[in-house]
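Quick note on this note's numbering: the sequence shown kicks off at 101 and runs consecutively. We put the beta carbon where it would ideally sit given N, CA and C, even for glycine. Please read the structure below before turning to the comments.
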Amino acid sequence: MSTDLRRIDGRRLLVASHNKGKIRELHFLLGGLAIELVTAGELGLPEPVEDGTTFVENARIKALAAATAAGEVALSDDSGLCVDALGGAPGVHTADWSGPSRDWDLAMGRVEDELRKVGATAPDQRRATFVSLLCLAWPDGHTQEYLGERAGTLVWPQRRGPIAYGYDPVFVPDGETRTYGEMTAEEKHGSIWGAPGPLSHRARSVQKLVEGAFPPGIRP
């Protein structure tokens, strides 16, 4: 990543993702901006192989692939759940734990199984952090990254709330009594435009992105 930071100077941004849940959340969070969002799927761009070992590496792979293929600025998000008692797993492999069919019940069940194997049954042994790493990439290879994190505790055996997105029904963020899955989008993400500050990991990374890369004319 270059240390020479850039700002987005256009009115269109390519979202380098085919993940419907992630796209939905980015549309919600960036909805107040005077900018058109178009997705990699809408442009028929292929999904690159995510063979990085960190969130930064995978985010760069996706953003650069879309930016070079389309010839415009692209935004990617690589995110995941890092469980303390599991040494940070599933981490960058968070989606992989749901299997090829993206079965999130399977994924949450696997996390619970792994926690029980290491004897992590008490709340203070079930600490976890959600991570969202956003990457902006330009066709010339320049990239900028924005990190958002949210710590909390995993609950089980009964997931709480519908599976709106990933591991939301088993994650209670610090300072809250409900899981992400029990919250509305407004409650989960908070406001990126001012007090109170953003709640979710993705809202926090988007807030940094907006403050660092969007000119005042695009921000509300």
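For D177, the enclosing beta strand (DSSP E) begins and ends at A174 to V183.
Counting C-beta pairs closer than 8 Å gives three or more between the stretch 252 to 271 and the stretch 200 to 219, which meets the contact rule. For the set S201, A169, L164 and F155, the Cα lying nearest the Cα of G191 is the one of F155. Here T243 carries a strand assignment [DSSP, helix/strand/coil]. For R124, the uninterrupted alpha helix (DSSP H) run begins and ends at K120 to L129, by DSSP. In this structure, the CA atom of L143 is about 18 Å from the CA atom of D177. Sequence-distant Cβ neighbours of L215 in its own chain, meaning closer than 8 Å and more than five residues away, are V183, A185, L186, T221, Q225, R226, L254 and W256. Short of 7 Å from the beta carbon of I161, and not among the five residues preceding or following it, lie these beta carbons of its own chain, in chain order: P148, E150 and G152. Here the alpha carbon of L164 sits roughly 18 Å from the alpha carbon of D109.
Beyond the five residues adjoining it in sequence on each side, A159 comes within less than 6 Å, by CB distance, of S176, D178, L233 and C235 in the same chain, given in chain order. For K122, the closest alpha carbon among the candidates V306, I292, L133 and G199 is that of V306. The criterion of a C-beta distance shorter than 8 Å is not satisfied by A170 and L137. The bridge partners DSSP lists for F230 are L181 and R250.
For R112, the enclosing beta strand (DSSP E) begins and ends at R112 to V115.
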